Every structure is written in C-alpha cells, then in structure tokens.
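Residue numbers (my numbering): 14 to 152.
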C-alpha cells in the first residue's frame, strides 16, 4: 500500500489543485463489490464472476527495502548444517558426537524436527521462537 500512496503523492504534486470527495458505499457499488471480492475465499466467489489474477504488482518499487535479521548461533545450527550440507567439525571426537546426535533429528524443508519413539515429530525451535513461545504461554 505504501507504493500506491507514494505514487498518489507524486501525482498530486504535479497538479495545481485537487479535491477529495467521500463517496458513500451505497453510491459506489462497483468499488464495494471489488473490495468484497478481494477479501473473499476462492470457493466463495461465484463461478460466473470473471476474475483476473495479477502475477506482478501494478506498481513496482524503485528501491528495495530489506529488513535486517540478527542471526545468532543456536544449539540447532551444527545439526542443521550437518543435515543440509554434511558439514562436520574438524575435531574427530566432536564430529562423531555430532553424527550420533544428528541421527535423532530430521529435516523437513527448512525445519528441524526431533524424532520420537512413539510420538509425532517434535519441532525444534530457534532461540527467538522459544522466547516467543514462552511469552505466549505465560500470558
């Protein structure tokens, strides 16, 4: 939405004057139904309604915004590195310990799970995810 707002502000700057008029919903059925259609589930849209899905946004960003993520090693990092890349520590003893420990874990996509004897797989949380889970539990 920010891109659209920036585009409108650019267009307004080029005009000598402009006026914003609020149109009640009852007088603007087309916009009302478009908004309703945009928030509807696919199975709730009538079959005879023509819908065109845009593959690309109609307004492109001139600059790319990136949110920095702080990466910190957690206890899962060595296991994930071993499972995905086969990376082992240089120390033979630590490499053996990691191989034994990693046998208890499974990678599904980018998520690490701990195997359980009779229970379903247990999802391994990162430090940030575990902090968030603890906050949610104690609310």
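Cβ coordinates follow ideal geometry from the N, Cα and C atoms, glycine included.
Values in this document were obtained by computation on a predicted structure and should not be read as measured data.
Asked: Helix, strand or coil for residue 112, going by three-state DSSP, please let me know.; Found: helix
Asked: How many angstroms separate the CA atom of residue 128 from the CA atom of residue 92?; Found: 13 Å
Asked: Residue 97 and residue 137: beta carbons closer than 8 Å?; Found: no
Asked: From the DSSP output, in three-state form, read off residue 128 for me.; Found: coil
Asked: Where do the N-terminal and C-terminal ends of the alpha helix (DSSP H) with residue 118 fall, by residue?; Found: From DSSP, residue 118 is part of no alpha helix (DSSP H) but of the beta strand (DSSP E) over 118–121.
Asked: Run through DSSP, which three-state label would residue 138 get?; Found: coil
Asked: By Cβ distance, which residues of its chain are closer than 8 Å to residue 29, with the 5 residues on each side in sequence left out?; Found: none
Asked: Looking at the structure shown, is residue 47 part of a helix, part of a strand, or coil, going by DSSP?; Found: helix
Asked: Alpha carbons only, please: which of 124, 33, 94 and 126 is nearest the one belonging to residue 112?; Found: 94
Asked: What residue range does the alpha helix (DSSP H) around residue 91 cover?; Found: 90–98
Asked: Mapping the DSSP letters down to three states, classify residue 150 as helix, strand or coil.; Found: helix
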